[in-house]
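Note sheet for the following structure.
Numbering (full-length UniProt numbering), first residue to last: 1 to 899.
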């Protein structure tokens, strides 16, 4: 980040667009910088470091003397070293806009801050949003990603980061807690790329605990990477301060005599050896002492290492709690999201996990907080605000490991081969959790779902219903999974009540909805071979097919097993189903075919697979179905931005809650049966118009008294905002597509990249196979309408030519800085043209010399535009030129040749 930043309007506009794009993540790193700075601020004021940590200044020489350095964190729990390194770098970056600092803090408690992709994304965005810097790299990435409609790949992010680093005179990249990254191998490959770029202007600092894989890598890079140790005296001073302050503040420790407190402080200072976590664990043990003698015994027998500390804590678990403790540790290690304390307590009540798991109500803890007594010192409660099942933000308490080193130890070979191997946590824990979830769902009856306090009675229902299949997919293949797979088949079997109960809690066809649907009927369920592909359960699909399940079964919102697998992105299942003779040409479901479903969800690899088998000859074969949502059901889209609105509806930029894709949503009021019928006819016409200059319809849905169409691409602007630029493409497609548009105006011509697209087909009429006009006034914007349309007479294709002539008049005025008196203020162009025809003709003739310079810019036929515009504005429809004539006369490098 720069020391100063000029917030230009274009920067703010770019920031606003990018903040809505989930392709780039600007993570909040403030906690990694000890709250001194926040990466969500564009500018920084240089903070004053606490004098207590001023001794660490001696290590800041690494920032200015070593281009690449790696620092060992010595298992310290503080971030003072990296924080002060950032502090120093920011101070040095105050000299100019071409000098910048970017930093990232890995955190095992936050899944968003554990991946390499988020690291590169954050660094790229931090270094791109600088005042006075070229924003093209970021803008080009945004364009390549279809204007934010897809996620950038890691290689695209890395290329953009490299481009930015080349432009900066000096860059400091500081990465803390590398040992908490879940993708260490990929991180090291990224560092190799940084080294290979050989930028003299780049200074890089990474901090980590002592990890063998990291040490071997950086040892091999010793020619270019300098290892830097945090001064042990400085770290121990920090630990001494922490111990002293804790003793003063903690009432449980303050009850001891002064000489005992002095012994505690001295012993812990001498034994800490740079390990904050070790000190914290010993203080926890001392708090539980009830007698002075117990304190002295504890101090006399302190474990020497952190591993020995954890072994002692595990040894202290009561025998009657050992099974629950293991299960609790398994859930915290492999849960797919952070767990609330009530959820963990409920998971511990499951019984008979190896045979027929079920919820044993008598196993429930009276107080969920008693989970802390099962594994003391290894877990903690963290207050959070979370989104409830009803969509409200609520206060909650999550149960977490006390420190990332706890999970690291439990999953390590040190634990699995040590004296407490029974507490070793391996991937087979996923099978235990999957069994628990399925057994829990099977313990819930239809009557339970109808009770008002259902969510309180069954606090694990949401996790179990939404995540059981995740744990099935992640159960190790080498394990004996027959019993688990049998449980899965029984849950998905329509002949059992368990299936409909699960669907009442979670519908795979509507993964965005957290709404309970207790009245869903058993007759609305589908076969197991429909749900298994939706959930990505490859083993289950294989078993079901081997048992004789029909691969071309057609039912459900997604129509068939193949369409369900294609939509949800499970390529391995798509390939398997095709191998087992699934018919790619079946027309069913919301998206018509499996190919259309894959296109809608933008699974490009699956699209390529299916295109080999899908031989649809007509666009009609690909038309998707219309979704009907319940009145009180939340729409599956998150609104990102309001684009506009008008008489025909509201237009918004939205993100799909099911797959994260971004598109445009146009919502119209459809309060009557007639209005809904007209809307569906509009959708049908728009779906038929598959052309490079027409927006693509992804799908549509209705809810209550409104209906929505989903469109691509998201336009950069409308033509009214684009008039000052010359580059644009052709006018011939309305007639060629056999549709009368009837509302051509600059606001309905969208600019996307270098293309102009027609939109707003709500008043279009299909007349393929018919040469007659359609009578009646179905809707228009009066200002751009032809005289005969204003008069309510019969329509013809020539009406669009008049409307386009009005747009041409506006374009000429914008390009040539020319205008007619009163024209822009006129509400009815047709009347103005009729009353001022001679003045318009004279004005167009006067500007012809101004069109000649455009010939040298490739638009050789631009001087013809004034005369053509005048001919398009003739009162009599037969006298207006046809679209094909316009294209032939305007043929040049600036007129679209692709259609």
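Here a beta-carbon is modelled for each residue, glycine too, at the ideal position from N, C-alpha and C.
As the structure is a prediction and not an experimental result, all values here were calculated from the model.
Own chain, CB closer than 6 Å to residue 559, minus 5 neighbours either side, in chain order: Against the chain shown, residue 559 aligns to sequence position 559. Contacts found: 588 and 589.
Contact test: residue 844 Cβ vs the ligand COA heavy atom, cutoff 8 Å: Absent from the structure shown: the ligand COA. Ligands present: none.
At least three beta-carbon pairs within less than 8 Å, the region 435-444 to the region 343-362: Contact between the region 435-444 and the region 343-362 is present: three or more C-beta pairs spanning the two stretches fall below 8 Å.
Bridge partners - residue 545, DSSP secondary structure assignment: Translated into the one-based positions of the chain shown, residue 545 becomes position 545. Bridge partners of residue 545: none, in fact.
Whole-angstrom C-beta distance between residue 889 and residue 873, which should lie under 8 Å: Translated into positions along the chain shown, residue 873 becomes position 873. Translated into positions along the chain shown, residue 889 becomes position 889. Between residue 873 and residue 889, the beta carbon gap of about 16 Å keeps them out of contact (Cβ cut-off 8 Å).
CB of residue 269 within 9 Å of CB of residue 239, strictly: Walking along the chain shown from the start, residue 269 turns up at place 269. Walking along the chain shown from the start, residue 239 turns up at place 239. By the CB criterion at 9 Å, residue 269 and residue 239 fall inside the cutoff.
Helix, strand or coil at residue 641 according to DSSP, with G and I counted as helix: Along the chain shown, one-based indexing puts residue 641 at 641. Residue 641 falls in the strand class under three-state DSSP.
Start and end residues, alpha helix (DSSP H) containing residue 458: On the chain shown, position 458 is the one that residue 458 refers to. Careful: residue 458 lies outside any alpha helix (DSSP H) and carries neither H nor E.
For residue 124, three-class secondary structure by DSSP: As a first step, residue 124 is located in the chain shown; it is residue number 124 there, counting from the start. In the three-state reduction of the DSSP assignment, residue 124 falls in the helix class, which pools H, G and I.
Residue span of the alpha helix (DSSP H) that contains residue 167, given as start and end: On the chain shown, residue 167 is found 167 positions in, with the first residue counted as 1. That run of the alpha helix (DSSP H) goes 154-167.
Segment limits, beta strand (DSSP E) that includes residue 206: Walking along the chain shown from the start, residue 206 turns up at place 206. For residue 206, the uninterrupted beta strand (DSSP E) segment begins and ends at 202-208.
Beta-ladder partner(s) of residue 401, from DSSP: Along the chain shown, read from residue 1 onward, the residue named residue 401 stands at position 401. Within the DSSP bridge table, the entry for residue 401 names 379 as partners.
Residue 487, DSSP secondary structure in three states: Within the chain shown, residue 487 is the residue found at index 487, counting from 1. In this structure, DSSP gives residue 487 a helical state, which the three-state scheme calls helix.
Simplified DSSP assignment, three categories, for residue 496: If you number the chain shown from 1, residue 496 lands on position 496. In the structure shown, the three-state DSSP call for residue 496 is coil.
Contact under 9 Å by Cβ, residue 877 with residue 798: Here residue 877 refers to the residue found at position 877 when the chain shown is read from its first residue. Here residue 798 refers to the residue found at position 798 when the chain shown is read from its first residue. Contact flag set, yes.
Minimum C-alpha distance to residue 344 - residue among 361, 368, 356 and 116: In the chain shown, counting from the first residue as 1, residue 344 sits at position 344. Answer by Cα proximity: 368.
Option in 813, 861, 425 and 563 with minimal Cα separation from residue 531: Looking up residue 531 in the chain shown gives position 531. With distances taken between Cα atoms, residue 531 lies closest to 563.
For residue 508 and residue 669, the rounded distance between their alpha carbons: For the purposes of this step, residue 669 is taken as residue 669 along the chain shown, with counting starting at 1. For the purposes of this step, residue 508 is taken as residue 508 along the chain shown, with counting starting at 1. Cα-Cα distance, rounded: 28 Å.
Proximal residues to residue 706 (C-beta, below 8 Å), its chain only, five neighbours per side dropped: Here residue 706 is taken as the residue at index 706 of the chain shown, counted from 1. Excluding positions up to five away in sequence, the list reads 667, 668, 669 and 670.
Span of the beta strand (DSSP E) around residue 696: Residue mapping note: residue 696 aligns to position 696 of the chain shown, counting from 1. Bounds of the beta strand (DSSP E) holding residue 696 are 696-703.
Cβ-Cβ separation, residue 613 to residue 600 (assumed contact under 8 Å), whole Å: One-based indexing of the chain shown puts residue 600 at position 600. One-based indexing of the chain shown puts residue 613 at position 613. Contact between residue 600 and residue 613 does not hold, since their C-beta atoms are separated by about 18 Å, which reaches or exceeds 8 Å.
Residue from 581, 711 and 488 whose Cα sits closest to the Cα of residue 655: As a working note, residue 655 is residue 655 in the chain shown. Checking every option, the nearest Cα to that of residue 655 belongs to 711.
Exposure of residue 99, with buried meaning 16 or more beta-carbon neighbours within 10 Å: Residue 99 sits at position 99 when you count from the first residue of the chain shown. Buried, by the Cβ-count rule.
Coarse secondary structure for residue 613, derived from DSSP in three states: Start at 1 with the first residue of the chain shown, and residue 613 comes out as number 613. Residue 613 falls in the coil class under three-state DSSP.
Straight-line gap, residue 107 to residue 118 (C-alpha atoms, nearest Å): By 1-based counting over the chain shown, the position of residue 107 is 107. By 1-based counting over the chain shown, the position of residue 118 is 118. It is roughly 12 Å from the alpha-carbon of residue 107 to the alpha-carbon of residue 118.
Closest Cα partner of residue 165 within the set 179, 151, 123 and 205: For the purposes of this step, residue 165 is taken as residue 165 along the chain shown, with counting starting at 1. Looking only at 179, 151, 123 and 205, the smallest Cα-Cα distance to residue 165 is reached by 123.
Residue 808 versus 199, 829 and 793, residue with shortest Cα-Cα distance: The sequence position of residue 808 within the chain shown is 808, counting from 1. Among 199, 829 and 793, the Cα nearest to that of residue 808 belongs to 829.
Start and end residues, alpha helix (DSSP H) containing residue 429: On the chain shown, residue 429 is found 429 positions in, with the first residue counted as 1. In the DSSP annotation of this structure, the continuous segment of the alpha helix (DSSP H) that includes residue 429 starts and ends at 429-442.
Under the three-state DSSP convention, the category residue 396 falls into: Here residue 396 corresponds to residue number 396 of the chain shown, with the count starting at 1. Of the three classes helix, strand and coil, the one that applies to residue 396 here is strand, per DSSP.
Residues bridged to residue 663 [DSSP beta-bridge criterion]: Translated into the one-based positions of the chain shown, residue 663 becomes position 663. Residue 663 is bridged by DSSP to 654.
C-alpha gap between residue 497 and residue 486, whole angstroms: As a working note, residue 497 is residue 497 in the chain shown. As a working note, residue 486 is residue 486 in the chain shown. In a straight line, the C-alpha of residue 497 is about 16 Å away from that of residue 486.
Contact between the region 253-271 and the region 287-306 (3+ Cβ pairs under 8 Å): Taking 8 Å as the limit for Cβ pairs, the verdict is that the region 287-306 does touch the region 253-271.
C-alpha gap between residue 448 and residue 403, whole angstroms: For the purposes of this step, residue 448 is taken as the residue at position 448 of the chain shown. For the purposes of this step, residue 403 is taken as the residue at position 403 of the chain shown. So the two alpha carbons sit approximately 38 Å from each other.
Same chain only: Cβ atoms within 7 Å of residue 885, ignoring 5 sequence neighbours per side: Within the chain shown, numbered from 1, the residue matching residue 885 stands at position 885. Result list for residue 885: empty, nothing under 7 Å.
Whole-number beta carbon distance between residue 502 and residue 484, since they are thought to touch under 8 Å: Mapped onto the chain shown, residue 484 falls at position 484. Mapped onto the chain shown, residue 502 falls at position 502. Their Cβ separation, rounded to whole angstroms, is 16 Å, which puts residue 484 and residue 502 out of contact at 8 Å.
Beta-carbon proximity of residue 902 to residue 433, cut-off 9 Å: Because the chain here runs from 1 to 899, residue 902 falls outside it and cannot be looked at.
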